[in-house]
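Accompanying notes for the structure given below.
Chains as they are written, first to last, in my numbering: chain A, 203 to 543; chain B, 203 to 543; chain C, 203 to 543; chain D, 203 to 543; chain E, 203 to 543; chain F, 203 to 543.
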């Protein structure tokens, strides 16, 4: 069973360890981006995963492709054009100091995607699942158009469609109305995914009132999800990632999955020494897709999604470099972190 | 409004990460020193900050100057002479293993400062605030003499004077009586700053009896500060940094500020994954100076001092590499460490 | 007083920081192995420590020897032969992701040890204590034979013999019955050391039933140790390391020592930001040997063992790079981790 | 005497040593750009040097400013605006493999400069020399307009104007006719600088026919320069850098300076182990400006220019990190490279 | 047109820069091996390239596979089995100090290859060319058997077969007679490749008498090749790499190709600052295969082989990380190494 | 046969690769010093080598000791006292830019050596050869006194004494007359060693007039040596290192040895890509001592000295990390640098 994702992959430039940008004259240089992260995670877990995007037709675009292919991603449908790769600069926070992202992704090769660049019918051939996030339509108007065309085509071809809302306020600056674009995409989705803010800011679905205590208002989230499922009748499932952020290093992480009339709540993981939390949401999406395809059991699919993304917090870079079997071991209850030898 | 500080800047040689000295054949090589740290922190926050010192007239002294100037520090009054730069070796502790400092600062260019090396009147021209710490007079007798002359001149020129007691027992080995030198300097200070030991060891002011519980004896600290303010009638404010050291990585950090008849206690920050706590006290001083100048509100000034120094714990090196706005955000209550994008 | 240890030293190849293997194209390259770790720890504490092993007669074997000699280990009895050095690959875990060891130690120079390679009488000349772990006999049949000969010779020469059970299931694949080999060795030991599993898997001694609560069943461990002392009448002491593994980064660490009719329980250390826990058990052994030799006080010897191995968790690499005095300071009660200057 | 330069400073991302891009997941991250390089070289030699540019108003722009200020550059006239910093990726060649630059500088903050962004009168206040290169007008049409306005203003204010032709064919893609823009700027220049191709491609001045032998056709270059001086009657001097490129590592480097009726030829340096040749032309310009201002001796000014840029080849990064006295020592004849101690 | 290669890929552990092994506690960790190097070079040049081997079924084998796949190599026919990966340690020489290789490849997963591990018919399906080197049969007797079966199958399936003699005296220690094994393989080859020693030591073909002068005895090499072609009548071409080794850093590099009755001699490249010469012979083979397939012009094929392998000397690691077009540019005559921008 | 050396070992802080000091915030941190370098080279070649010095009684002194012991140096006679370690900063030159050393070695533990610190009789027990260089007496007056006492004692105990003149003008600043001190030491030497300047500046022995051509004036050097042997009748041999410095990277290296009435001239090595030439003279001394002890053949001893020091140029750091057999191979004529495998 194969999954296609569509979005932007960027050059990720990170200062070392917990340093501020330029504190040392060096950057860790890797690649990442929401939908690419999903494809890489799935490929490393052994699934077919095709990544659809437009990359610059230069050495950087080629090396990015090599990296994706190395992880097992199907790069046969990538399009190469004159242009630049989007970039994001990343500074890893610590304790009370938040991590910081500076985007330099305007005018990227993908942002300038044109109508004929991707032949969606061909690109989705042989796929059973299509995934996209709310970042792609926020990149540019032509990306929004492409996203809508993509989900329409996927749906028409009988794919399952998952849509990670992933709201990025700073990106929505090209003039479109975020909610109407996002809602248009959501209409074609079978599975919606988001954190507490995404549902409200992307789709206008109110979440629970902020609780003073710290106790997560699960009922409130369930209500929000059910309201969403009613508003988007094609959607079968709505998932919420639940992050309690005690500090930049110390989060508690869990998730909820809501189907009509049923709610599933996952185990909660305290993650007290976060290595890198970027891409955690993407690995949740990857895990959920993996789980729904392989397990036919919503609770287990959710546990797999939360387990995979829990492990992502322990791995530097955007990608969930996790091997088959590691998530199973974790969600089977082994959280002791004892040395394997 | 501009601030001058006087003291020693050293070459700081640190083994990587948490390694012991020479575990790898490499040192991180930066610069630091109490009063330079204050100047750098203030300059990065946008204030005028002039650093007064004597540096070796060689490539190392010049590179140190370039680094200070880069951070925005006014280096126009630095004096260059034949000699060496002071050095400290630093090994970052972890858990129950303490961090360790080895000083190699004897016979530095500053230690050998001579009477005419700095023309204090000229050096303090245009300044409104002068700051020094108890490390400078501990470096050598001529440093002690220079410090006293400096605070006298600053006071005479109408500067506010802040004095961070910063007691370093190992340095007081050139024959002077620490308490009498420190008291002489303190006589000119408007603001006194220190941790629990500094008041006693520098000025002979008894602090609270050690509590067995762990509950901080705020009243005891207040009493100590008030006693100090009585003993040094020029001083308007006495500040105390309150560190609870649970392990090398895990401290709780807060502060108290005492004016005659009033006491201010800050929010307390649990810092569970300390990156580098060297220079935290200096950034407290910088934050307090910044706050007292800019806010005219003792409580807010104290919160700013504690917030800035809380952030310092998350940054490697001696300097509080903090941008304007970051402290405000923290003391405004955002301690979640969520990714900024 | 001098201690000899016998075993394998391997090349240790670790990916940087918390990275997965090959995430960056680089390995930290050091050396380590249970009995070598004991010898290095003892040598750095100022004791005589001779390491007995077979190393490849090439540049790698020579550099390994240089490293051991640098730490103060007596390398005069090492044997060099054509062959390879054993290797282990190491990936440092984080939070819920366990650390991972991949062994590549088959067919090492030591594994192929032959009868005459080490003249045990000569090798143990001048020694008062001999230490070996259960890893050595698991390496190969000839290693098992050599180990038995070694403990017999040591015993005959009047040495104290300590035996760290160190059970490694994956290594016992050359056809021997682990329990019978281990029991044969244990018959010559004065001191037995192990964690909760080792006693059962190596010697068949049942430990306490797993408690659901988390409260350590000290009585159960005591019973297990006493049963062991009865089964091996030459043994005077049985020690247990008690690790509570909350996550890969966060363990609680303590120990118990049982003599006939008496039990000693150590202070427990919460270690919340583990740097590297490999070799902790070895440093416990080293500390226990050090303590038993130097203190004639079982409680203090145990506290020393637990203190030294607590500090090991804060140091990268296999070796406990601890200086004389550091353990004393810790077990004297200073756990604050405050900067030493 | 103070010099202003106007142009773009970029983030420079270089793969380590001689590696190809992304061979390791890391970039050396520094800053550079033709006119900034001139300013930094002059500032490090002790001259006043002001850099004029537009930088992004974010952390990257601020760190770039800090770096320039550290080197002693006057950053008081920099303009900060919303936008991005230009970037260039750099791969260091070796032997027969050429170095490779990938530009990602479109839509930079400087490229989008607007008419009022720099108040040229104010920006050039207190300056005696203005320098610009042919890269700036190639960045965008508004940059070309700004450059022309800048040289006009500088000339009107009585500045000496130097113009390094620096022809970059790939950049001239926004629709302008390079030769007419370049000629318009050259009309205001007192000193023209270029390599063998620049005169022809920028100004249409034919150089010597390619010699088959390798013997540099000095007469041909002289003729080219004299023809140029006739075409641009305001120009007093025309300089040519003479690079013989035997391989990526091994170049011979010299220069020629032509005044009306006189020609000066420098010593030639064989540079057999080039560390980094990027920025060599810029340091030639800096050295020539330095020499013409300080020596009033064209031969010596030329030797200084060639000497400084010879040393640049030995220094990684864009900047000529050369201390006062080092060039004098070299052009005084000490080329032995013997250790200084 | 697709090429298959069969052989061993090893973990390559190199000390940094020109350091001796363990001078710093770090290794650069990449992968390489003669036939894998050929496959990677061909894949990066855009050809189909399938690598046939046996790899350990663990994380190391999987990461090795990912790396090969990233470069574009077809890994679908790799076999995974319990075992270890071969390793080689590498120390880069300098000047008069030679580079040094320490092999630790005995008992690797490939060395233990069994008859049925690779289904040769299936593995060679869709291939037009099969390449192997003399290293593979030297690894173990079962490797020799597999190699012979492979060339027989390839030949029977109509593949072109190239055989790089690659004589490694130290590896031929499992009891076989090298010459008879090598001759058996050579009987199936269309193209034979080797350096001056390989022909003699592998096949017993005498080369030219050592010349005292330094002038390469091209006639002598031609004679040797023609004698070889007579002895192996299936062979159509015999190639010789001609390395003049002036020092570890400074070699001259060229090649000769001999067909019956015709000889082709390439341009000679002086390579004065070698970055890494390991794998140069393999990239010669890759270039020759590429050239013979694509150009139908022996002279141009030879120039391509020499050009590609010339560039390999400038790239660290085993692989010729060369992009399409770069060799063409070099053999077109551009050896100046000028910066490309 | 065992050799003792006496002198200072310093912390060596080097910027990476060819970077200028502080270009990156990192130093390579190793140890070195003329006489320690001799001891390490001899120990690695398998000889007994004892190093005599005074080191600081802190973690840095202990790690320095560990490093020396690791290389096989006998550290049993080192003295530890309160104080600091001498430091030198090192910047590696390139092409026309010379390498640069900044000393920070005043007031080191060795500089403050006192009369009773080393019991020379005991320290030289079991030694047959004593070596010292002209750096030691230049460090301080007490070092000069100690050096004289040392050579007197060594001579009286029947040791061979070698004296490397090693003139460092900048160090002779404590008031002594260099020539008279040096001459006093030279009176006890059997073997004198120096480069072209050392004989003149240390002992007042004129060398050959500087030749304009570049042809080394061997006769002139011979005359200088013979004059020296006449002036110091105890001396049996005078050696000269002959360095032709074409650039920082490219030197030619050879040597001459003069006995009464005989002169020996070595092979000359072109070293075109120097890695690190610091310590080359020391390794010449080590090689000469090794050769004179082991070969009883002045020509071969000289060739060994020149060969070992030739190899030193290819190794970073102060130490000649050369294995037994490597020099023999080189002086046997293998200068090709071909890969050893």
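Cβ coordinates follow ideal geometry from the N, Cα and C atoms, glycine included.
- Contact of residue 235/B with chain D by beta-carbon distance below 8 angstroms is absent, the smallest such distance being about 18 angstroms.
- With fewer than 16 other CB atoms across the displayed protein chains lying within 10 angstroms of its CB, residue 203/F is exposed.
- When 7 angstroms is used as the limit between beta carbons, residue 515/B is near these residues of chain A: 297, in chain order.
- Looking from the CA of residue 496/F, the closest CA among 248/F, 231/F and 224/F belongs to 248/F.
- In the displayed model, residue 336/B falls within coil according to three-state DSSP, outside both helix and strand.
- The C-beta of residue 450/F has 16 or more other C-beta atoms within 10 Å across all chains shown, which makes the residue buried.
- For the region 232-265 of chain E, there are no residues whose beta carbon sits under 8 angstroms from a beta carbon of chain D.
- Taking a 10 Å sphere around the C-beta of residue 498/B, we find fewer than 16 other C-beta atoms and assign the residue as exposed.
- Contact annotation: residue 310/A and residue 288/A have beta-carbon atoms nearer than 7 angstroms.
- Contact between the region 356-368 of chain C and the region 386-402 of chain C is present, with at least three C-beta pairs closer than 8 angstroms.
- With contacts defined by Cβ atoms closer than 7 angstroms, residue 433/A and residue 383/A do not form a contacting pair.
- Within chain A, no C-beta atom comes less than 9 angstroms from the C-beta of residue 383/B; the nearest is roughly 36 angstroms away.
- Contacts between residue 290/D and chain F, judged by CB atoms closer than 8 angstroms, are missing: the closest CB pair is about 19 angstroms apart.
- Nearest C-alpha to residue 303/C among 290/C, 518/C and 465/C: 290/C.
- In this structure residue 520/D is buried. Its beta-carbon is surrounded by 16 or more other beta-carbon atoms within 10 angstroms.
- A check of alpha carbon separations from residue 524/C across 228/C, 239/C and 231/C identifies 239/C as the nearest.
- Here the region 322-337 of chain C makes contact with the region 204-212 of chain C; the two share three or more CB pairs at distances below 8 angstroms.
- Residues of chain B with a Cβ closer than 9 angstroms to the Cβ of residue 449/A are, in chain order, 472, 473, 474, 475, 537, 538 and 539.
- Below 8 angstroms, too few C-beta pairs join the region 528-542 of chain A and the region 253-268 of chain A to call them touching: fewer than three.
- Contact between residue 231/E and residue 224/C holds: their C-beta atoms lie close to 7 angstroms from each other, under 8 angstroms.
- Within chain D, the residues placing a beta-carbon under 8 angstroms from that of residue 309/A are 308 and 309, ordered along the chain.
- Secondary structure note for residue 250/B: its beta strand (DSSP E) is the uninterrupted segment 250-254.
- Across the structure, residue 507/E and residue 490/E are spaced so that their CA atoms are roughly 5 angstroms apart.
- Contact check for residue 297/E and residue 475/F: beta-carbon distance about 6 angstroms, within the 8 angstroms limit, so the pair qualifies.
- Here residue 239/E carries a helix assignment [DSSP, helix/strand/coil].
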